[in-house]
Amino acid sequence: MTIRLPDFKGGFRAYEPREEPFAATPGTPFTSRTVFSAAHVVADPFADTTPDAPAAVDWDATLAFRRHLWSHGLGVAEAMDTAQRGMGLDWAGAAELIRRSAAEAKSVGGLIACGVGTDQLTGPATLDEVRAAYEEQLALVEESGAQAILMASRALAAAAKGPEDYLEVYGHLLRQATEPVILHWLGPMFDPALEGYWGSSDLDAATDTFLQVIAAHPDKVDGIKVSLLEARREIDIRRRLPQGVRCYTGDDFNYPELIAGDDQGFSHALLGIFDPLGPLAAEAVRVLDTGDAKGFRELLDPTVELSRHLFQAPTRFYKTGVVFLAWLAGHQSHFTMVGGLQSARSLPHFARAYELADGLGLFPDPKPAEERMKNLLSLYGVTQ
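Counting from 1276, one number per residue, gives the positions in the sequence shown under the numbering used here.
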């Protein structure tokens, strides 16, 4: 049996779906790496809402997906850009997500870290207002019992005059944090409003400022997440970190080599692609736990083509592919996203994502995934 899929040239191709899924079983946390999956939110498809209205979230399905990730030993990075922070999910929705997910993590013993930003600011802001917004969110995350991830701030990027403003704001927040945090450098390919973060569009200069923040407060920085999609730059930063500060790769193009590492070190992981790859990624890290780097790469390297497809420019729309695959895999009953973001990618893009994911065995039951793909195709007028 084949399925008729549109290609990128206006034509069609026949694809024969896989019959058996990748065999993965739930397991305990890892021993060689700390691994977080940034998790998506599930929209409520029956809510009477619009793309610019507050997000309507299906809380039961959203928390069930987090339990799925925890069951495979992965940590959950909550309320990050994968959860559509600033792209459909406002601060009120993110705050509720943090509270609910942190409570769920406690109930199942799952690892969780949550994003701290400034997205309650909806217009121009002063540095004092940026600092106060960060403080409000940091307090909520710490009160929830989760680890804090200090995310890059659009408001700070707009208000800062130069590197010294970043040093002052981050220094203040790190002194105030009660436990070590993860610092997140999100590149402009993920969010154009973050161009020139750390006070310069020159990445070498920005890197120096970023490392200066860490060097001044190494006891308050558990690690850094670098999302620049430049493997060599991440490796350079990783080698310049103070002793005890971890590097969590956020590079969805080069993650296998960065996690495997070299004779001078390795990266842990905090990745959006581990949302759809969860069970397979977990199996690969368990192989790495045994010291088998070759086996780890053999499992994870074939997933890079799918990741690069989902994260292709405009990279910020990768969330659409992530939720699309969650629907095909049966983790949610519909393909609806907060902010109406299900419309952000084309039908040929979806078709290729289905083909690549099915080839990897990512769908627990390939037949329902095939039927859902056919249903989507029929909505676009494609007959089989």
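Glycine residues also receive a C-beta, built at the ideal position from the N, C-alpha and C atoms.
Q | Reduced DSSP category for Q1412 - H, G, I as helix; E, B as strand; rest coil | A | helix
(Q) Which of the three DSSP states is assigned to G1390 in this structure? (A) strand
Q. Which one of A1367, D1333 and G1361 has the shortest CA to CA distance from L1415?
A. A1367
Q) By how many angstroms is the C-alpha of K1500 removed from the C-alpha of G1437? A) 22 Å
(Q) Taking its Cβ as the centre, do 16 or more other Cβ atoms sit within 10 Å of A1328, making it buried, or is it exposed? (A) exposed
**Q.** Reference Q1607; option with closest CA among A1354, V1316, K1284 and P1304
**A.** V1316
Q) Would DSSP call E1291 helix, strand or coil? A) coil
Q: Enumerate in chain order the residues of its own chain whose CB-to-CB distance from L1635 is below 7 Å, with the five nearest sequence positions on each side excluded.
A: F1297, L1555, P1577, T1578 and L1581
Q) Taking all protein chains shown into account, do 16 or more other C-beta atoms lie within 10 angstroms of the C-beta of Y1472, making it buried, or fewer, making it exposed? A) buried
**Q.** Span separating the alpha-carbon of S1419 from that of C1389
**A.** 10 Å
Q: Take the Cβ of S1382 as the centre, count every other Cβ of all protein chains shown within 10 Å, and call the residue buried at 16 or more, exposed below.
A: exposed
Q) Per DSSP, what kind of secondary structure is Q1587 in: helix, strand or coil? A) coil
(Q) On the CB-based measure, 16 or more other CB atoms within 10 Å of its CB, does K1594 come out buried or exposed? (A) buried
Q: Please determine, among N1650, S1346 and F1321, the residue with the shortest C-alpha to C-alpha distance to T1611.
A: F1321
Q) For L1503, which residues from the same chain have a beta carbon less than 6 Å from its beta carbon, with the 5 sequence-adjacent residues on both sides left out? A) G1462
(Q) Please report the distance separating the alpha-carbon of D1494 from that of I1512. (A) 18 Å
Q | Cα-Cα separation, D1633 to D1640 | A | 10 Å
Q.
What does the Cβ neighbour count give for Q1518, buried or exposed, with the cut at 16 atoms within 10 Å?
A. exposed
Q. Rounded C-beta distance between A1339 and I1424? I'm assuming under 8 Å.
A. That pair is no contact at about 23 Å.
Q. What residue ranges within the segment 1577-1626 form continuous alpha helix (DSSP H) runs of no fewer than 4 residues, ordered along the chain?
A. 1579-1585 and 1593-1603
Q) The beta strand (DSSP E) with H1543 in it runs from where to where? A) H1543 to L1546
(Q) My output table needs one value for P1304: the three-state DSSP class, helix, strand or coil. (A) coil
Q: Express the C-alpha separation of D1567 and A1358 in angstroms, rounding to a whole number.
A: 33 Å
Q. To which residues of the same chain is A1452 closer than 6 Å at the C-beta, ignoring the five residues directly before and after it?
A. K1495
Q: Could you tell me which of E1443, D1356, D1526 and N1650 sits nearest to S1629, measuring between CA atoms?
A: The identity of residue 1629 in the sequence shown is Tyr, whereas the question assumes Ser. Y1629 has its Cα closest to that of N1650, out of E1443, D1356, D1526 and N1650.
(Q) Within a Cβ cutoff of 6 Å, which residues of the same chain sit near R1429, ignoring the five residues on either side of it in sequence? (A) A1468
(Q) Would L1386 and T1309 be called neighbours here (beta carbons separated by less than 9 Å)? (A) yes
Q. When the distance is taken between beta carbons, is A1557 closer than 9 Å to A1604?
A. no
Q.
Based on DSSP bridge pairs, tell me the residues matched to K1500.
A. H1459 and Y1523
Q) Where do the ends of the alpha helix (DSSP H) carrying L1425 lie? A) Taken as a continuous stretch (DSSP letters only), L1425 belongs to no alpha helix (DSSP H), being part of the beta strand (DSSP E) at Q1422 to L1425.
**Q.** A1352 at chain C interface by Cβ criterion, 9 Å
**A.** Here there is only one protein chain, and chain C is not present.
Q.
Quick check on this structure: which residue in T1590, E1371 and S1307 has the alpha carbon closest to the alpha carbon of D1466?
A. T1590
Q | Alpha-carbon spacing of M1276 relative to D1282, whole angstroms | A | 19 Å
Q: Would you kindly work out how many angstroms separate the C-alpha atoms of G1615 and A1535, rounded to a whole number?
A: 37 Å
Q: Take the Cβ of G1363 as the centre, count every other Cβ of all protein chains shown within 10 Å, and call the residue buried at 16 or more, exposed below.
A: buried
Q) Which partner residues does I1278 have in the DSSP bridge list? A) Y1290
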